[in-house]
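>
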Amino acid sequence: MAIEKEKLIDMYRVMVRIRTFEDRVFKEFAAGNIPGFVHLYAGEEAIAAGACANLRPDDYITSTHRGHGHLIAKGGKTDRMMAELYGKKTGYNRGKGGSMHIAEVDIGILGADAIVAAGIPIAGGAALSAQMRGTDQVTLCFFGDGATNTTRFHEGVNLASIWKLPIVYVIENNVYAETTPVSYAMNIPNIADRAVAYGIPGKTVDGNDVLAVHEVVGEALARARKGEGPTLVECKTCRYYGHYEGDTQTYRTKQEFEECRKRDPIPRFRKKLIKMGVLTEKDADKINQEMLEELDKAVKFAEESPFPEPRETLEDVYT
Amino acid sequence: MLKGVKVKEITYLQAITEAVDEEMARDPTVFLMGEDIRQWGAPLGEFKGLFEKYGGERVRDTAISETAMLGAAAGAAATGMRPIVHIMFSEFLGVCMSDIRCVLTKTRYMTGAKTKFPATIMSYSGAGVSAAGEHSTCPYGYMMAIPGLKIVVPSTPYDAKGLIKSAIREDNPVQVLYHQKLISDRLTGEVPEEEYTIPIGKADIKREGSDVTVVAIGLMVHRALSAAAKLQEKGISIEVVDPRTLAPLDKQAIIDSVKKTGRLVIMDEEPKTESASSEISAIVAEEALDFLDAPIKRVCAPDTPIPFSPVLEKAWMPDEEDLLKAVNEIV
Amino acid sequence: MAIEKEKLLDMYRTMVRIRIFEEKIAEDFAAGKIPGFVHLSAGQEANPTGVCANLRIDDIITSTHRGHGHVIAKAGNQYSLAPMVAELYGRKTGVNKGKAGSQHLSDMDIGVLVAEGIQGTALTLAAGAALTAKLRGTDQVVVSFIGDGTLNTGRFHEGMNMASAWKLPLICYCENNVWAESTNIYDVTNLTNITDRAVAFNIPGVSVDGNDVLAVYKVAAEAVARARKGEGPTFIEGKTCRRFGHFQGDTHLYRSQEEKDECMKRDPIPRFRKRLIEMKVLTEKEADKIQQEVQEEMDKAVKFALESPFPDPEEVLTDVYA
């Protein structure tokens, strides 16, 4: 599958934007500038970037507690996201949601959700809506390996299968459900095999290879758009940081951690693009620089934005 | 309370750990399951060290399967074990609510006492750490509406240790709701060196007074105590009653205090509607109305979800100022 | 696998006891003598009978809303039907003092942990009981009977995942009678073989003719042996059908006449009777005698129930807490 040069560069830019965002959040959180808790997506950028590059603006995504990458890949603006993380009035959700609850329906982001797997039935509802309205919109539903052991996964995927809903489920298998290794919580080597239980296709792909993700998710999305029903795509990946910021990750071995860092999807894609002649070293450095500047501006925007008024606590409960 | 016994100072978190540790050591049928129990001893560390001490059979990491955990706790309890199941944040109780409402708490009754369910559910409750809408709930009111369930809400290290030990020994299902802000604030307090338990169903007068009864729950106990100290300077004497157990509620302790003071304020970190404060108000209105010299006041959170931004969250949570205002309205 | 003659006869009697129990309940319910609602398992007798013939009294089962057959089979033929009937009649002498009724019959003395009206709750409970056996180091096994409708509940997924990850001595036995209330299971499950669900947990999934009691016995025997040896859970599908509606009063018009006729023809009891006679384990006369004995037993049980007092109103407040 040939991908236009512009799109390739765009995917690269999205990945760098996510990484730069997460690195910056890491720093600002450690400095005490961000309240609550945050779960970082660094290391998993290829999945969001590769998968979302297949989407139209009117398609939908549902996200997770580890959602910054999905939102950025779907078109979320880093300044408004950062403002939300800072609890400011100018954030996407006026400071009411924070890191785990960012939603912007206008650009197809139905919401990050802090209850594991809560996005799965929500994605089902969005896909059902598209089906009933007769559009060819699709819904991309991101969740982690831990979510596949929940009630919502089982009930949600079963319904999507019998109703042939236009959904692609993207499992980000980063090997740990918080601290619990996948192998401890489930007795199955490839989570994509769970697709058999619902009579739908299941694919496993290297989640650190952005082009592989793009292709597999792209095929699944094409199938969904044609009304042929859902697909389960398992992307094998790993986390750069801990489950949340502050997690000392004593449950991971040094070796596993180093291997994860070696599998970093960004230098890998950069190298590939340079080899393909799509990008020069200079172009790539420029993108890095632009993203650093974008994030400086985003942090400045967040810092300079006002906090919400205390009275706003009472607003937005009902329409 | 602690006169004449040898005491030590520990944190609220340590009190929780010690309670579970001591009961696991005492009774081999006690075991623990939950998410992130093995590596972290749960996200806030309250079970730290127990995996190393008791091994993976008795300290079990689970998949993210709250309904399976609750159902398995009921099954293990009915067959001779004493499971402790950690349903991390109170809002996650909703995920397995029908297993709590139907299996765990109704089956004994429906089977005409053929079974019993000595299971303990432990969860974080409470706001104040910017954990946003799904990780900050105090589910007191709606859990109180479940017949067959006992609920303890410790506000101090002493209460936490004594009540959790009793909860584990209790032959009925007990929900323990401990406040995450009391953990993150590293609240400390004295506990006896010797083993002790606190009976379930008994309130504690945290401060004696004669002008106004303040019934405060969980974290609110501390806010009530600090407001009471300020009011004392103005010559207003506050009695702070900590129910400690919400089900069965120590109605008598509350009524006795109201009989003495003639005034009641309830401080409860929940949206006001159908909160614990609703039930306490109704009880006092029903059973002690003649002793009231002023309307009952409730200091609760507004009927909204819990906001993230610290500014909004602070506005949402009942605080000392709100309590001072309520007291001033009735004295 | 040779099964002793005594056991074969015992299994036959169990099936007849379940059938006569269910038919009498149908009659008395229609006559307005039984309050609430009842779900009858007539037609499905071979499933609990074949499974429970492999179990010891200290093994544990969990049951469903359609549970009478499970309790009768697990208890064994020496256990009187009277307390069960009294329970359905809401009497003080009922096995659960009139607090359970048809849908929640249970008695740990005979290893019936619960019968649950909420689909799937009993399966996770069964996982907990299996965990107890594992933690205590006994070789007890737990069988959770479920219906096909339960396959699509989250509890099935979470419970089986837990049992598989922890290698619990649990057997999930699905009585697939095709109809989840009025919904055809294949309209709400995109599978031809529901045993494919076992793939999701990496455990054996076996399908068996649930109207052939000896086939059920054999498949269950393997699963029970596996569980006792600590090799983990098994998922079994017994393909069966119900002779009555979902509940008594259900006209089951959602089923075609052809399908209903087919079900009547697949009746597991005459089939087993014929087989036992061919095997020379039973004569026609002996079979008729069993029928007659069970009929009398049931008549006595009903009489006991009718003559039993209702619970005292004060008992509404007892048994909430232990």
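Protein chains in written order, with my numbering: chain E, 35 to 353; chain Z, 30 to 360; chain F, 49 to 370.
Beta carbons: idealized from backbone N, C-alpha and C, even for Gly.
Here the structure is a predicted model, which is why all the values come from computation and not from measurement.
#1: Check for me: the beta strand (DSSP E) holding E/Lys270 runs from which residue to which?
#2: Z/Pro112 by DSSP, collapsed to three states: which one?
#3: For Z/Met62, tell me which candidate among Z/Val250, Z/Leu99 and Z/Tyr187 has the shortest Cα-Cα distance.
#4: Among residues of its own chain, excluding the 5 on either side of F/Leu330, which ones have a beta-carbon nearer than 6 Å to its beta-carbon?
#5: Beta-carbon of F/Ile166 versus every beta-carbon of chain Z: anything under 9 Å?
#6: Kindly indicate which three-state DSSP category F/Val364 falls into: helix, strand or coil?
#7: Given 8 Å as the limit, is there contact between the segment 270 to 282 of chain F and the segment 238 to 255 of chain E, that is, 3 or more CB pairs closer than that?
#8: Is it buried or exposed, Z/Ser239, if we count other Cβ atoms within 10 angstroms and call 16 or more buried?
#9: Check the Cβ-Cβ distances between E/His104 and every residue of chain Z, and say whether any is below 9 Å.
#10: Checking 9 Å against the spacing of the C-beta atoms, do Z/Ile197 and Z/Glu52 come in under that value?
#11: In whole angstroms, what separates the C-alpha of E/Phe63 from that of Z/Val158?
#12: Would you say Z/Asp90 reaches chain E, if we count a Cβ-Cβ gap shorter than 9 Å as a contact?
#13: What's the C-alpha gap between E/Ile300 and E/Tyr203?
#14: Consider the Cβ of E/Ala219: report whether some Cβ of chain F lies at a distance smaller than 9 Å.
#15: With C-beta atoms as the reference, is Z/Ile335 less than 9 Å away from Z/Ala161?
#16: At a Cβ threshold of 9 Å, is E/Thr184 touching chain C?
#17: So what does Z/His208 bridge to, in DSSP terms?
#18: For Z/Glu303, which option in Z/Asp332, Z/Ser94 and Z/Leu42 has the closest C-alpha, if you only look at C-alpha atoms?
#19: Apart from the five residues on each side of it in sequence, which residues of its chain come closer than 7 Å, Cβ to Cβ, to E/Met220?
#20: What does the alpha-carbon distance come out to for the pair E/Arg286 and Z/Asp271?
#21: Who are the neighbours of Z/Ile93 on chain E, taking C-beta pairs under 7 Å?
#22: Please report whether the beta-carbon of Z/Ser195 lies at a distance below 9 Å from any beta-carbon of chain F.
#23: Using CA atoms only, rank isn't needed, just tell me which of Z/Leu73, Z/Ala103, Z/Tyr83 and Z/Gly177 is closest to F/Ala174.
#24: Give me the Cα-Cα distance between Z/Asp90 and F/Ala213, rounded to the nearest whole angstrom.
#25: Taking E/Phe177 as part of the alpha helix (DSSP H), name the residues at either end of that continuous run.
#26: Quick one: what's F/Asn224 bridged to in DSSP?
#27: Would you kindly work out how many angstroms separate the C-alpha atoms of F/Thr172 and F/Ile109, rounded to a whole number?
#28: Any residues in the segment 258 to 279 of chain Z with a beta carbon nearer than 7 Å to a beta carbon of chain E? Which ones, in chain order?
#29: Can you tell me whether F/Met312 is buried or exposed, with buried defined as 16 or more other CB within 10 angstroms of its CB?
#30: Pairing CB atoms from the segment 304 to 311 of chain E with CB atoms from the segment 77 to 87 of chain E, are three or more of them under 8 Å?
#31: Just the Cα atoms here: how many angstroms apart are Z/Pro176 and Z/Asp348?
#32: Below 7 Å CB to CB, which residues in the same chain sit around E/Pro342 once its five sequence neighbours on both sides are set aside?
#33: May I ask which residues mark the beginning and end of the alpha helix (DSSP H) holding E/Phe291?
#34: Give the DSSP-derived three-state secondary structure of E/Tyr352 in the structure shown.
#35: Counting only beta-carbon atoms, is Z/Lys35 nearer than 9 Å to chain F?
#36: Any C-beta of chain E within less than 9 Å: which residues of the segment 263 to 297 of chain F qualify?
Quick look at the numbers:
#1: Thr265 to Lys270
#2: strand
#3: Z/Leu99
#4: Leu324
#5: yes
#6: helix
#7: no
#8: exposed
#9: no
#10: yes
#11: 14 Å
#12: yes
#13: 23 Å
#14: yes
#15: yes
#16: In the structure shown, chain C cannot be found, because the protein chains are E, Z and F.
#17: Z/Ser154
#18: Z/Asp332
#19: Asn183
#20: 43 Å
#21: Val150, Gly180, Ala181, Asn183, Thr184 and Ala211
#22: no
#23: Z/Ala103
#24: 11 Å
#25: First-last for E/Phe177: Thr173 to Gly178, but that is the beta strand (DSSP E), not the alpha helix (DSSP H).
#26: F/Lys287
#27: 12 Å
#28: none
#29: exposed
#30: no
#31: 31 Å
#32: Lys123, Arg128 and Gly129
#33: Lys288 to Lys296
#34: coil
#35: no
#36: Gly280
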